[in-house]
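Peer 1: Residue numbers (full-length UniProt numbering): 1 to 1162.
Below you can see the structure in the form of structure tokens.
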């Protein structure tokens, strides 16, 4: 009742006694009495000069505002008195009152709102908002949520731990109702604070206990809020004169501030005929007070006192009004802070290697160009949030894999399958058994289910384990600081941490990232939930609110629905069978009966019941009432307890999957022994219908979709447990094999799904289709439920040879059209094309083939039809890059079976390439490899005989980026200007500049130029050009290429600079034989747009402007005015060049006109 809550919340004992003495007390009368008592206390003019140290647990009552002399000036009233009586030993009795002398300012202690010494009732913080609890009336350093009720031990802090009191009885009443009329008890184990949500600590009679300490009987006051046992210096000196204090690092706080620590001493304590070695602290500069018996002694002499308090809580929540989410957010801000990304406090994850483990360094995977920006930003964000640290070297490295989420964002995972996992010593921490979970939740009436947000990544890795979890990416090495999905022992480590966090909490069980809470009543469920949230708040564990269930009467867990009636099977386990539609032909009947035959051991009288269905045939297919009764009876038999069994983690788990052109199906089963034979007994059936887009997938993609969908549906059963994954597709068995890395040529969709499976521990088994009848039937007779496909695979068409051209040519090509048909329908399991060599070549690479936007894809490369191969070859050899560079360029964009040989024939038959032969390279000791762009650059001069000009060549050692600049002379001033223009082009300076001993490079001006820019100038030994081999080889490449280009441009007036720019354009976009990437890609971290990249539909989107937006059509009569000085003319639209530009015929003359110059003719 409101009256009882008001009486219980009153801070004054005297006022509470008045209320309890009233007969038939009503709420209105109680409120009036409380307000009247408050007014009387405010008018009191005398306060106690000091707070007795023996009442450390009591919070100081607010000082009454002392009346001032009306004749005194404001200046006089603001003067402070220096002779305060507190601390000078002058005290008055508790009932005595003292009046201040006129003209003097009242003496105030620290303000409970802000900590300064002034009247708390006039403190400006009354109108301030706290940043911790978002309530008005105090600062965050003096927030009530941090209120200390007793002396506590803690590490040094800069913030005060004392908190404010409520201003008045009316404010207390408002606070009671603001928290929905319930009290919370925060059980913070091993922490020096015990918090109470409403009201202050009541001044009840203390609990005293006598103990034999060092052969002397000492009376202690039991203080469960104190983290240490303390005694005054006066009592210690008089009682234990022969004991010596030792220094103590413990800091003591009370509500009045810090207490001086004189030291600590260890003594023998006898309790119940048992002797204990215990330590207590001596408080200095404090009057004598009753020693406090803290939690450190209680845990030794009464080890069960905590559980007794928890089991006997009486301040529980009112059954009628459970707290709302908004109220929980206020009470536990860290738990519900979705934007925070901090780690769990008090725990770290440690990865232990096997003896003689050998470090494995794996190279980075290639990232699709369309995801480069997202991946780079994601990695930068990981470093910004402290989840990863950039490193320059590491013995361990695992490749990073990109997983694109449904909302378009990405998750960057690590593939530890072949690197770290085999070298780890796995933690075999036991996961909760289902029967243990059910026993914990038994007799529950209300339940709460909490789901953690990004559970593993909330756990910090210790420094040594961080050295093992290193990501190898296109941006370099990143050392992870958090536990990540994919580590073999992650599940066991996280389960052990959660068990330690939630230890000794009633009605609570945890399975990895899912915390289940029960209550025998609504109040009990809310109270248990509050205890869990308090623990999570203490350790900074965050929840995912959208996956949590609060105070519900039913809870779904491991295939059961748990309620106050007990547990019953979840209907969703057999919905795939119950929702079976009646077969419409004999083929579907055969599929259905084949599934039943697989479980014949558990289906008695199967042949008799199925006889009406077996009698149907294609010639006489009559689905009558008898057939329907038989069909329904067989479904009931399949979902009965004689066939279906409950989930048991001690039994081997088998997940069978299959896909058909119309749906996917799967079954979760246990391997049991029946009559001496091992058989699979089902636990759960799964079926779903494919969407039209998914039906157009290649067969291998549909099979992969079935695998990830079924595993995801069975996540609660399979997570952190070993299971067998069964498929009848040989390609899937190879691609998703648990002991093999992902094939490099696998398509983006399969890479995405393979990454999802890395979080599970499975063994993949290939089974013939005849033995996978259950999953096959569920896929061919799917229910109407859909499949969520989160993979995004995009092809970007572009000009001039677009993806549309490739798709049209593919459809008209007899060979590729047959290949597309087999890719969609599914390739045979063995080679049937020995008589067709052209088709046999595609059969050998069938696992890498897929179809997107009617284009045949070989991994991420488009397959070029025969009619377009010659045009693609000419684009590949544009700029005459040579055989090796042409192949490198082709392997990143296009593919057909004879691509390599066709490129070799093209280069051998090229007349221009035949005239110029490259000289073989000589062996030399290489420079150290550059780690980043412009770390080291090489420069040199060469003379271009064709044009008789001197040129400066500039090469970056990291990206192999090349620049050629024609120089009018070789003076130092000219070279300095040219070099600085190159530096300004990229707005960066190199660290090392390598050159020969030419006059400009050896001049004082050039050396001073390098020194002023902090550039280290390194000159090679005289007469040894091999030391500047990168520049020398680049000179050879440039001379050879320009010698080819000048004969092609003979007879034209093309400027020299334009010819050099054409060469540089081609050179910078051709992959290097060293880096296997083009210089532009190494320098700019993206593949630049060239006439050749636009033919690959997976590189860039179509940026053409559509002419469909044009306001005028061909043949439209228009009037136009070209400029202000031109007259208005009549014309006719000849052609729309785009949405804004047109060709217009004016008296037979065609002119290009903007739409703003046109208007329709009347």
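Yeah, the Cβ is synthetic: ideal placement off N, Cα and C, and Gly gets one too.
1. Across the region 473–491 and the region 548–567, are there enough close Cβ pairs to call them in contact, namely three or more that are closer than 8 Å?
2. Starting from the Cα of residue 374, find the closest Cα among 505, 363, 366 and 411 and give me that residue.
3. What number of angstroms, rounded off, separates the C-alpha of residue 289 from the C-alpha of residue 113?
4. Look at the Cβ atom of residue 209, then the Cβ atom of residue 293, and state whether they are nearer than 8 Å.
5. Once you ignore the five residues that flank residue 648 on each side, which residues in its own chain have a CB closer than 8 Å to its CB?
6. Using three-state DSSP, classify residue 258 as helix, strand or coil.
7. Can you check which of these residues, 215, 537, 932 and 462, is closest to residue 267 by C-alpha distance?
8. Closest by CA to residue 627, which one among 586, 662, 843 and 594?
9. Quick one: Cα of residue 466 to Cα of residue 758, how far?
10. Going straight from the alpha carbon of residue 928 to that of residue 898, what length do you get?
11. Taking all protein chains shown into account, decide if residue 877 is buried (16 or more other Cβ within 10 angstroms of its Cβ) or exposed.
12. Quick one: what's got a C-beta closer than 8 Å to residue 1150's C-beta in the same chain, skipping five residues either side?
13. Assuming residue 425 contacts residue 483 under a Cβ cut-off of 8 Å, what Cβ separation, rounded to an integer in Å, is found between them?
14. From which residue to which residue does the beta strand (DSSP E) around residue 218 run?
15. Do the CB positions of residue 340 and residue 460 come within less than 8 Å of each other?
16. Using the Cα positions of residue 276 and residue 228, report the straight-line distance between them to the nearest angstrom.
17. Let's see if you can read the secondary structure: which residues bound the beta strand (DSSP E) around residue 1145?
18. Give, in chain order, every unbroken run of the alpha helix (DSSP H) that is at least 4 residues long and sits entirely within the region 851–931.
19. Given residue 272, which residues of its chain have a CB within under 8 Å of its CB, disregarding the five upstream and five downstream residues?
20. Between the beta-carbon of residue 1083 and the beta-carbon of residue 889, is there less than 8 Å?
21. Could you have a look at residue 108 and say whether DSSP puts it in helix, strand or coil?
22. Count the other C-beta atoms from every protein chain shown that fall within 10 angstroms of the C-beta of residue 504, then say buried if there are 16 or more, exposed otherwise.
23. Nearest by alpha-carbon distance to residue 992: which of 983, 342 and 38 is it?
24. Just to confirm, is the Cβ distance from residue 330 to residue 543 under 8 Å?
25. Output needed for residue 714: all residues of its chain with C-beta closer than 7 Å, excluding positions within five of it in sequence on either side, in chain order.
26. Would residue 400 and residue 365 be called neighbours here (beta carbons separated by less than 8 Å)?
27. So, for residue 497: in the same chain, excluding its five sequence neighbours on each side, which residues have a beta-carbon less than 8 Å away from its beta-carbon?
28. Determine the DSSP secondary structure at residue 34, reduced to helix, strand or coil.
29. Could you compute how far the alpha carbon of residue 934 sits from the alpha carbon of residue 895?
30. Could you check where the alpha helix (DSSP H) with residue 717 kicks off and where it finishes?
31. Can you round the beta-carbon distance between residue 230 and residue 303 to whole angstroms, since I take them to be within the 8 Å contact cut?
32. Buried or exposed: where does residue 417 fall if 16 or more other Cβ atoms within 10 Å of its Cβ makes it buried?
33. Let me make sure I understand the geometry here. Which of 826, 1085 and 821 has the alpha-carbon closest to that of residue 699?
34. Leaving out five residues before and five after residue 463 in sequence, what residues of the same chain have Cβ atoms less than 6 Å from its Cβ?
35. If you run the structure through DSSP and keep just helix, strand and coil, what is residue 807?
36. Does the count of Cβ pairs from the region 860–878 and the region 801–819 closer than 8 Å reach three?
Peer 2: So, to answer that:
1. no
2. 411
3. 28 Å
4. yes
5. 434 and 670
6. strand
7. 215
8. 586
9. 20 Å
10. 38 Å
11. buried
12. 1134, 1143 and 1144
13. 16 Å between Cβ atoms; not a contact.
14. 216–222
15. no
16. 16 Å
17. 1141–1146
18. 866–876, 883–891, 899–908 and 911–915
19. 301
20. no
21. coil
22. exposed
23. 983
24. no
25. 655, 668 and 684
26. yes
27. 344, 347, 349 and 459
28. helix
29. 34 Å
30. 715–718
31. Contact doesn't hold; Cβ gap of about 21 Å is too wide.
32. buried
33. 826
34. none
35. helix
36. yes
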